[in-house]
DNA sequence: CCGTTTTCTTGATCTGGATCAAGTCATCGG
DNA sequence: CCGATGACTTGATCCAGATCAAGAAAACGG
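Chains as they are written, first to last, in my numbering: chain A, 8 to 244; chain B, 8 to 244.
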C-alpha cells in the first residue's frame with residue numbers, strides 16, 4: 008500500500024470525469040497537486056461509516072463496495088466503478104460518512120482533500136455546476152433504488168437487474184454477471200440462498216444461468232414479467 | 008385554485024429558507040418576480056412522476072406527500088412540510104420527476120420556474136452553494152431511509168420513528184402522530200394492518216397509543232429496543 | 001497438484017409481514 | 001341527528017423470503 012502524489016499520467020482519466028471536465032485548467036491542477044494515489048489490495052476497508060470525510064475518493068481502477076451496517080447486520084448499498092467518485096455528499100457537507108467502503112479487488116484510488124474540493128467549488132463555476140449535477144444524479148439514483156426496494160418483490164428486482172445488465176452488455180443475449188452472487192444478493196436486498204432460487208424461478212421467463220454466465224433466451228418474455236420502468240431502471244435519467 | 012404572482016408578503020418566509028438566505032437581494036428578487044403562488048385543496052395531485060420539471064415547488068403552508076407508483080402499487084417516499092422545497096434535483100437536472108406529489112391538506116405552494124433557478128444558480132454564488140448543500144442534504148436523507156429499510160424490521164423502523172417524533176416534539180413523553188396511520192404505514196414500508204399490530208407489539212417496551220396520541224412510558228426501554236443510530240436517525244447530519 | 005476455504009446450491013423448516021374478511025369507530029355532509 | 005364513507009382494528013390465513021443444515025462446486029494458497 009504505497010502512498011504518493013498523483014502521477015501526471017492519471018490526470019487525463021480524471022479530467023474526463025464529467026465532474027472535472029468543465030473546469031478551468033488552473034483550479035484542476037490545484038486539485039491534482041493536493042491529491043494522492045494509493046494502490047489497495049482486495050477487501051481492504053477504505054473508509055468506515057461515521058468517520059469524518061477528509062477526502063473525496065476516485066476509483067481509477069478496480070471496484071469498490073459501498074456498504075452499511077447496523078446492529079450486526081450489513082447491506083451493500085452501491086458499487087463504485089472506474090472512473091467515478093464516491094462519498095461526494097459527505098465531502099461537500101463536511102459531514103460523517105454514511106457508508107463504509109471496501110475494495111472488491113485490487114484497486115487504484117485517488118484521494119483529493121475535501122478542503123480543496125470545497126475551496127475550488129467556490130473558485131470555479133464549471134466545477135460548481137458539475138458538482139451540483141453529480142449530486143442531483145446521485146440523489147436520483149438512490150430514489151430509484153428506493154422505489155425498486157419498496158415497490159417490487161425480490162424476483163422482480165432480479166429480473167429488472169438482469170435487463171439492465173443485458174442492456175449494459177450491449178444488448179446481446181448472453182453476458183456475465185458483474186459481481187459475485189453473494190454481493191448481488193445483498194445489493195438486491197435478499198439472501199444468497201434466495202438469489203439462487205430466484206434465478207431458477209426466472210427460468211420460465213427464458214433466463215438460463217451457468218455459474219456467472221447468463222443467457223436470456225426470450226427477452227420479450229422477461230420484459231413482460233419485469234415491467235421495466237425508466238423512472239426506476241434507467242440509470243441515465 | 009387561484010394562480011397569481013407571488014404577493015410580497017410571502018417573500019420573508021422564503022428568504023429565510025436556507026436555500027435563499029445566502030444570496031444577494033437582486034437575484035432573489037428576480038426569482039420571486041417570476042414565481043407564482045397557488046392555493047390548493049387537500050388531495051390534489053400537484054405533479055405526476057414522469058412529467059418534465061418546469062417549476063421548483065415550495066410549500067408555504069399545509070403539507071405535501073411525495074409518492075411513487077409502479078405496476079399498480081404505490082408507496083409514500085417522503086413528506087414536505089413548510090417551509091421547504093421539493094423536487095430540487097429534477098429542476099437542476101432538467102429531468103423528469105421521479106416522484107408524484109399531492110397535497111395532504113389545504114396548502115399554499117409557490118412555483119418558481121426551473122429555468123430561472125438554473126439561471127440564477129450561475130449568477131449567484133451564495134445561491135449555488137446553498138443548492139449544493141441542500142442537494143447533499145437530500146441525498147443523505149435518502150441514504151438514511153434506505154439503510155432504515157434494508158437493515159431493520161418494520162417493528163424496529165416504527166420504534167425509531169417514534170423516537171424521532173418524540174425528540175421532534177421537544178423530548179416530552181407524550182405527543183401526537185404527525186400524519187394519519189395509513190400514510191405512516193406506507194412511509195415505513197408496511198401495511199396499515201401491520202402498523203396496528205406493531206403498535207401493540209411495542210407495548211412491552213412502554214409505548215401506549217390512543218388514536219393518534221402516543222405516550223412513551225419508558226423511553227430507556229424503547230431506546231434499548233430501537234437502538235437508534237445517528238447515521239440513520241438523525242435528520243440533521 | 002492437493003487440501004483448505006469459500007461460494008453456491010438445494011432441501012426442510014420457520015416466520016415476518018401481506019392479504020382477506022369483518023367488524024368498530026370517527027368524520028362529515030345533509 | 002342520521003346515514004354514509006373512509007380509517008382503524010382484530011382475527012384467520014397465506015406466502016415471500018429468512019434461516020438452518022448439509023452437500024457440491026469453485027477458488028486459492030502452498
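Just so it is clear, CB atoms sit at the ideal spot from N, CA and C, and this is done for glycine as well.
Since the structure is predicted, the reported quantities are computational estimates derived from the model, not experimental observations.
- Around the beta carbon of residue 78 of chain A, fewer than 16 other beta carbons lie within 10 angstroms, which makes this residue exposed.
- With distances taken between CA atoms, residue 64 of chain B lies nearest to B/88 out of B/230, B/83 and B/88.
- Across the set B/137, B/218 and B/234, the C-alpha of B/234 shows the shortest separation from the C-alpha of residue 165 of chain B.
- CA-to-CA, the gap between residue 154 of chain A and residue 66 of chain B works out to about 23 Å.
- At least one CB atom of chain A sits nearer than 8 Å to the CB of residue 103 of chain B.
- In this structure, residue 100 of chain A lies near residue 140 of chain B, with their beta-carbon atoms less than 8 Å apart.
- Secondary structure at residue 73 of chain A: strand, using DSSP grouped into helix, strand and coil.
- Contact residues of the segment 131–149 of chain B toward chain A are 132, 135, 136, 138, 139, 140, 142, 143, 144, 145, 146, 147 and 149 (C-beta to C-beta distance below 8 Å).
- In this structure, residue 189 of chain B sits away from residue 105 of chain A, with a CB-CB distance that is not shorter than 8 Å.
- DSSP, reduced to helix, strand and coil, places residue 44 of chain A within a strand of the structure shown.
- Close partners of residue 80 of chain A in chain B (Cβ separation under 7 Å): 158.
- The Cβ atoms of residue 29 of chain B and residue 69 of chain B lie no closer than 8 Å to each other.
- Sequence-distant Cβ neighbours of residue 174 of chain A in its own chain, meaning closer than 6 Å and more than five residues away, do not exist here.
- Taken atom to atom, the span from the alpha-carbon of residue 61 of chain A to that of residue 158 of chain B is near 27 Å.
- For residue 57 of chain A, the neighbours in chain B by C-beta distance under 7 Å run, in chain order, 238.
- A Cβ-Cβ distance of about 7 Å is found for the pair residue 119 of chain B and residue 41 of chain B, placing them in contact under the 8 Å criterion.
- DSSP places residue 98 of chain B inside the alpha helix (DSSP H), whose first and last residues are 95–100.
- Taking the Cα positions, residue 95 of chain A is about 7 Å away from residue 142 of chain A.
- By the neighbour-count definition (other C-beta atoms within 10 Å, threshold 16), residue 222 of chain A is an exposed residue.
- With fewer than 16 other beta carbons inside 10 angstroms of its own, residue 36 of chain B counts as exposed.
- Under DSSP, residue 115 of chain A forms a beta bridge with A/46 and A/68.
- Residue state for residue 150 of chain A is assigned as helix, using DSSP reduced to three classes.
- At a cut-off of 8 Å between beta carbons, residue 234 of chain B contacts chain A.
- Contact between residue 26 of chain A and residue 92 of chain A holds: CB atoms are separated by about 6 Å, below the 8 Å threshold.
- Per the Cβ contact rule, the segment 126–141 of chain A is in contact with the segment 123–135 of chain B (3 or more Cβ pairs under 8 Å).
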